[in-house]
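In this note's numbering, the protein residues as written are 467 to 561. In this text, a Cβ means the ideal position worked out from N, Cα and C, and glycines have one as well. For clarity, every value in this text was computed on a predicted model and none was experimentally measured.
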Amino acid sequence: MKALAALTPLALIGCAAATPAPEPMPGGVRCDASAIGDLIGKPADATLATEALRRSGARTIRWLHPDTAMTMDYRVDRLNVKMDLKNVVTGFTCG
């Protein structure tokens, strides 16, 4: 009985799955937030979104107010636009 109790944790370890590494984005698309620092302080609108996506190399954009809930998944092709409650851009990050 003691041997069975000792082997149970080992059997459970075999059931655990490793988290696979994220797949690289096709075409090597990567976001570069350092290329758009001059857009900080401007109103967050469609024109800014178009310019920020073009210059950062990102494919998608996510708008983040101070009280916005967000997922923690990391995407190399996503630009995060941080803004205040008046929709003025306060910063950019990728992911």
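Integer Cβ distance of residue i from residue j, believed to fall under 8 angstroms
{"i": "Leu505", "j": "Ala518", "result": "6 angstroms"}
{"i": "Cys560", "j": "Ala499", "result": "5 angstroms"}
{"i": "Gly503", "j": "Val555", "result": "So it is not a contact: roughly 10 angstroms between Cβ atoms."}
{"i": "Ile527", "j": "Val495", "result": "That pair is no contact at about 13 angstroms."}
Exposed unless 16 or more other CB atoms sit within 10 angstroms - verdict on residue i
{"i": "Leu470", "result": "Since pLDDT at Leu470 reaches only 49, below the 50 mark, its modelled position is unreliable, and the value read off the structure follows with that caveat. Classification for Leu470: exposed."}
{"i": "Leu545", "result": "buried"}
{"i": "Ala512", "result": "exposed"}
{"i": "Met549", "result": "buried"}
{"i": "Leu510", "result": "One point to set straight first is that residue 510 is Ala, not Leu, in the sequence displayed. That one is buried."}
{"i": "Ala574", "result": "Here the chain comprises residues numbered 467 to 561, so residue 574 is not present and cannot be evaluated."}
{"i": "Asp533", "result": "exposed"}
Cutoff 7 angstroms; reference residue i; Cβ partners in own chain excluding five residues on either side
{"i": "Arg521", "result": "Ala501, Ile502"}
{"i": "Asn553", "result": "Pro509, Ala510"}
{"i": "Gly557", "result": "Ile506, Lys548"}
Sequence-distant residues of the same chain with beta carbon closer than 6 angstroms to residue i, five excluded per side
{"i": "Ala540", "result": "According to the sequence displayed, residue 540 carries Tyr and not Ala. Answer for Tyr540: Gly561, listed in chain order."}
Counterpart residues of residue i in DSSP-defined beta bridges
{"i": "Met549", "result": "Val555"}
{"i": "Thr526", "result": "Arg544"}
{"i": "Pro509", "result": "Val554"}
{"i": "Cys560", "result": "Leu545"}
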